[in-house]
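Residue numbers (the numbering used here), protein chains in the order written: chain A, 1 to 347; chain B, 1001 to 1347.
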DNA sequence: CCTGGCACTCGGAAAGCGGGAGTGCTAAGA
DNA sequence: TCTTAGCACTCCCGCTTTCCGAGTGCCAGG
């Protein structure tokens, strides 16, 4: 990576902070005044020129000030940024928000709203892939002759359900029996294991399989199929906060961005990506690799249940965002969420 | 209501259709050419002048063409619009979309996406208030010493669940027993009845109540409380389609609109309002009574389960929308949805 | 009552015009 | 060698001006 003189670093830092604050290209004169530098605008211009050669800043046009490039932001967050820990009352106010909801599913959902409110940007939450969770219980409930409700419960209290239409009617007793067989066979295994086992069972010659169990397997398989093809476990909140930023007000960009929010595909990939490593991750502009996000930055942090990373929380905003604040908030939120999910309830 | 000469009606109809088509104020000359009228621009101007006095159209400024006012649109949809029934292949393609999903809950959710796709506007769906549905079964599942998962199933196959934290630990056997008592007491009653009965039971002196049943009641009550305060049963899709309309591209309006989409409160009220009467309803601009929707029109139709209105589907777009097309689509969709929900599965 | 004609109005695009902010360069001073 | 003041230059931005054309309202003749 590039190395800069201390002075140049100081200058770059001041410039980026200024630009983050008001979004206007910043020139040498204003920079000197604003940052209280002890050297003259001319000197600043020289240094700026160097920074521009290094690709850290650029001028939008000949006679405007400079704005940070993506490389500039990257350098800024990598080496210039002192992430100030959130002051205690901020942390406390965040903590308060975590006590309100007890249901883990709801809690997780609410976090995206929480993030968007305190950062005034868009908040996202990637909820755990259920396939990894432990299987607890399966229930078959007869709704009518042709419709059976399958309810699948995981050990962490998540519930999936699905109405299926079996090929022949079953009596409640049969259904009960099927569920029992199923539950005793798979109790405590992970959903992924259950799934693999099911696939194997279905491929095996099943002539000698009891009809009822076979149905149970088929039903459960349908549940997994439904899981598989989507209901994408991703929540986005506060999208409309992004209207406030003039650099995003180009209608076409906005449309792309909102399409990405609803399509969710790209966001999912991005958040999954950030699940592999621990701690806060930052994607600046094109770094995310998705066109729709190219004028945005994304700050993410994975959260855990009992030491195991299961999902990601994050914030999406313009590249010009208060990284220090956002980073702390995302970090603390991920920690708090991990805590809230790991040990039952506080009281 | 105002009455117009046949010629004026024809003119107004042509004008509005033209304006709907391209969104430009339409002048006398273009109107004559476009609509193939057999009288001259001057005559058209005279008639337009009359229409303007009646408040059906207006000029944005002295020398632009005319655009419809809200009254104009209203008159248009009330008396000028011949809702052409959808041609059969369109209906068929809609029907196809209803076969894919079988789970009623999922089906209902998917309809908003369907509507937004075929109209290229925003689709909304108000899902049934679950309180009216019939109670089928309650289950208590022990997740840990301090956490119990409550699962409540209605007769139409909807599942609600919630994790609660009882004051003292219960054994699986106790939970099972509690569920049994509860289920035999309330099987088949409507949720509303169950709820009322619960409240009464809780108020009654409960000293002599078995501790376990009391807990069951409390748990179930918590489930209802969760139901009560929200999880607003409303789906919106295709919001980003609205970016395409220049008349909505004012950032401030857009922000308001999207805030309304996420707050949902106003939309809920509006859709509830349209549940009271049968058939398609149309709210043009300020008619909806909500500021955020003042440059939009909303077309809604209630849907039923077994003859009973339970929810509403609808479309939100600019006032300048193809009412005939949208009305048919919303109408057919509501009917198809009613059909799909009323009798099990087709095959 | 319709229609062609005509003067008029007004918005919007293009063009012109400072002013100002900011730059790069140069030359002098530390 | 580095800093700084000075200066010419550039180019955006906001302002006005101009011009064009679409559209109107009105009038007078069919």
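Beta carbons: idealized from backbone N, C-alpha and C, even for Gly.
Name the DSSP bridge partner or partners of residue 135 of chain A?
Walking along the first chain from the start, residue 135 of chain A turns up at place 135. Per DSSP, A/154.
Here's a check: name, in chain order, each residue in its chain whose Cβ is nearer than 8 Å to the Cβ of residue 338 of chain A, leaving out the five neighbours to either side.
For the purposes of this step, residue 338 of chain A is identified with residue 338 of the first chain, where counting begins at 1. Result list for residue 338 of chain A: 303, 304 and 305, in chain order.
Should residue 341 of chain A be labelled buried (16 or more other beta-carbon atoms within 10 Å of its own) or exposed?
Numbered from its first residue, the first chain carries residue 341 of chain A at position 341. That one is buried.
Own chain partners of residue 291 of chain A with C-beta closer than 8 Å, once the 5 adjacent residues on each side are dropped
Taking the first chain and counting its residues from 1, one reaches residue 291 of chain A at position 291. Answer for residue 291 of chain A: 256, listed in chain order.
Interface residues of chain B facing residue 157 of chain A [CB-CB closer than 7 Å]
What you label residue 157 of chain A is simply residue 157 of the first chain in a count that begins at 1. Residues of chain B passing the Cβ test: 1143, 1147, 1149 and 1163.
Please classify residue 1176 of chain B: does DSSP put it in a helix, a strand, or coil?
Taking the first residue of the second chain as position 1, residue 1176 of chain B is located at position 176. Three-state result, residue 1176 of chain B: helix.
Nearest-angstrom Cα distance between residue 261 of chain A and residue 1301 of chain B?
By 1-based counting over the first chain, the position of residue 261 of chain A is 261. By 1-based counting over the second chain, the position of residue 1301 of chain B is 301. About 28 Å.
Any beta carbon of chain A sitting closer than 9 Å to that of residue 1077 of chain B?
One-based indexing of the second chain puts residue 1077 of chain B at position 77. No, because no Cβ of chain A sits closer than 9 Å to the Cβ of residue 1077 of chain B.
How many angstroms separate the CA atom of residue 376 of chain A from the CA atom of residue 9 of chain A?
Absent from the model: residue 376 of chain A. The displayed extent of chain A is 1 to 347, so no value can be given.
Residue 5 of chain A versus residue 51 of chain A - alpha carbon distance
Looking up residue 5 of chain A in the first chain gives position 5. Looking up residue 51 of chain A in the first chain gives position 51. Near 11 Å, if we compare the C-alpha coordinates of residue 51 of chain A and residue 5 of chain A.
In chain order, each alpha helix (DSSP H) run of at least 4 residues that lies wholly inside the stretch 1257-1323 of chain B
1265-1273
Starting from the Cα of residue 363 of chain A, find the closest Cα among A/66, A/34, A/35 and A/55 and give me that residue.
The shown model of chain A, from 1 to 347, leaves out residue 363 of chain A, and the question about it has no answer.
DSSP state of residue 1122 of chain B, grouped into three classes?
Here residue 1122 of chain B is taken as the residue at index 122 of the second chain, counted from 1. Three-state result, residue 1122 of chain B: strand.
Would you call the CB atoms of residue 1327 of chain B and residue 1282 of chain B closer than 9 Å?
Locating residue 1327 of chain B in the second chain gives position 327, counting from the first residue. Locating residue 1282 of chain B in the second chain gives position 282, counting from the first residue. It is a contact, given that the beta carbons lie within the stated cut-off.
At the level of alpha carbons, what is the spacing between residue 1310 of chain B and residue 122 of chain A?
Your numbering for residue 1310 of chain B matches position 310 in the second chain. Your numbering for residue 122 of chain A matches position 122 in the first chain. Approximately 33 Å between the Cα atoms of the pair.
Would you say residue 1093 of chain B lies against chain A (beta-carbon separation less than 9 Å)?
One-based indexing of the second chain puts residue 1093 of chain B at position 93. Output row for residue 1093 of chain B: interface = no.
Close Cβ partners of residue 1347 of chain B (< 7 Å) along its chain, the five nearest in sequence each way excluded
Along the second chain, read from residue 1 onward, the residue named residue 1347 of chain B stands at position 347. In this prediction, residue 1347 of chain B scores a pLDDT of 33, lower than 50, which makes its location untrustworthy; no coordinate-derived value is stated.
Alpha carbon to alpha carbon, how far is residue 1173 of chain B from residue 1179 of chain B?
Position 173 of the second chain, counted from the start, is the residue given in the question as residue 1173 of chain B. Position 179 of the second chain, counted from the start, is the residue given in the question as residue 1179 of chain B. Distance between the alpha carbons of residue 1173 of chain B and residue 1179 of chain B: 10 Å.
CA-CA distance, residue 175 of chain A and residue 140 of chain A?
One-based indexing of the first chain puts residue 175 of chain A at position 175. One-based indexing of the first chain puts residue 140 of chain A at position 140. Distance between the alpha carbons of residue 175 of chain A and residue 140 of chain A is about 6 Å.
Can you list, in chain order, the residues of its chain with a C-beta nearer than 6 Å to that of residue 126 of chain A? Leave out the 5 residues immediately preceding and following it.
For the purposes of this step, residue 126 of chain A is identified with residue 126 of the first chain, where counting begins at 1. So the list reads 234, 271, 311 and 312, once near-sequence residues are dropped.
Going by DSSP, which residues form a beta bridge with residue 235 of chain A?
If you number the first chain from 1, residue 235 of chain A lands on position 235. Partner(s): A/125.
Do we get a CB-CB distance below 9 Å when we pair residue 1308 of chain B with the residues of chain A?
Looking up residue 1308 of chain B in the second chain gives position 308. No, because no Cβ of chain A sits closer than 9 Å to the Cβ of residue 1308 of chain B.
Buried versus exposed, by CB contacts within 10 Å (16 or more), residue 320 of chain A:
Here residue 320 of chain A refers to the residue found at position 320 when the first chain is read from its first residue. Buried: at least 16 other Cβ atoms inside 10 Å.
For residue 241 of chain A, count neighbouring Cβ atoms within 10 angstroms of its own Cβ and tell me buried if that reaches 16, exposed if not.
Here residue 241 of chain A is taken as the residue at index 241 of the first chain, counted from 1. By the neighbour-count definition (other C-beta atoms within 10 Å, threshold 16), residue 241 of chain A is a buried residue.
Anything in chain B within Cβ reach of residue 153 of chain A, meaning under 7 Å, just list it in chain order.
Position 153 of the first chain holds residue 153 of chain A. Going along chain B in sequence order, the residues near residue 153 of chain A (Cβ under 7 Å) are 1141 and 1149.
State the start and end residues of the unbroken beta strand (DSSP E) segment that holds residue 1162 of chain B.
Numbered from its first residue, the second chain carries residue 1162 of chain B at position 162. It spans 1159-1164 - the beta strand (DSSP E) in which residue 1162 of chain B sits, taken as one unbroken run.
Count the other CB atoms, across all protein chains shown, that sit within 10 Å of the CB of residue 128 of chain A; report buried if there are 16 or more and exposed otherwise.
Within the first chain, numbered from 1, the residue matching residue 128 of chain A stands at position 128. Buried, by the Cβ-count rule.
I need the straight-line Cα distance from residue 307 of chain A to residue 90 of chain A, nearest angstrom please.
One-based indexing of the first chain puts residue 307 of chain A at position 307. One-based indexing of the first chain puts residue 90 of chain A at position 90. Approximately 25 Å between the Cα atoms of the pair.
Local conformation of residue 1326 of chain B per DSSP, three classes
Walking along the second chain from the start, residue 1326 of chain B turns up at place 326. Looking at residue 1326 of chain B - three-state DSSP - the assignment turns out to be helix.
For residue 73 of chain A, the nearest candidate out of A/88, A/15 and A/33 (CA to CA)
Counted from its first residue, the first chain places residue 73 of chain A at position 73. Closest by alpha carbon: A/15.
Ends of the alpha helix (DSSP H) at residue 1019 of chain B?
Here residue 1019 of chain B corresponds to residue number 19 of the second chain, with the count starting at 1. Start and end: 1006-1022.
What separation, rounded to the nearest whole angstrom, lies between the Cα atoms of residue 1061 of chain B and residue 1041 of chain B?
Position 61 of the second chain, counted from the start, is the residue given in the question as residue 1061 of chain B. Position 41 of the second chain, counted from the start, is the residue given in the question as residue 1041 of chain B. Spanning the two alpha carbons is a distance of roughly 19 Å.
Between residue 155 of chain A and residue 1194 of chain B, what straight-line distance do the alpha-carbon atoms span, to the nearest angstrom?
Residue numbering aside, residue 155 of chain A sits at position 155 when the first chain is read from its first letter. Residue numbering aside, residue 1194 of chain B sits at position 194 when the second chain is read from its first letter. When rounded, the distance between both Cα atoms is 29 Å.
Give me the Cα-Cα distance between residue 93 of chain A and residue 258 of chain A, rounded to the nearest whole angstrom.
Residue numbering aside, residue 93 of chain A sits at position 93 when the first chain is read from its first letter. Residue numbering aside, residue 258 of chain A sits at position 258 when the first chain is read from its first letter. Spanning the two alpha carbons is a distance of roughly 30 Å.
Determine the DSSP secondary structure at residue 104 of chain A, reduced to helix, strand or coil.
Reading the first chain from its first residue, position 104 is the one you call residue 104 of chain A. Helix at residue 104 of chain A.
Report the rounded CA-to-CA distance for residue 1168 of chain B versus residue 1150 of chain B, giving the unit in angstroms.
Here residue 1168 of chain B is taken as the residue at index 168 of the second chain, counted from 1. Here residue 1150 of chain B is taken as the residue at index 150 of the second chain, counted from 1. Cα to Cα, the separation comes out at about 16 Å.
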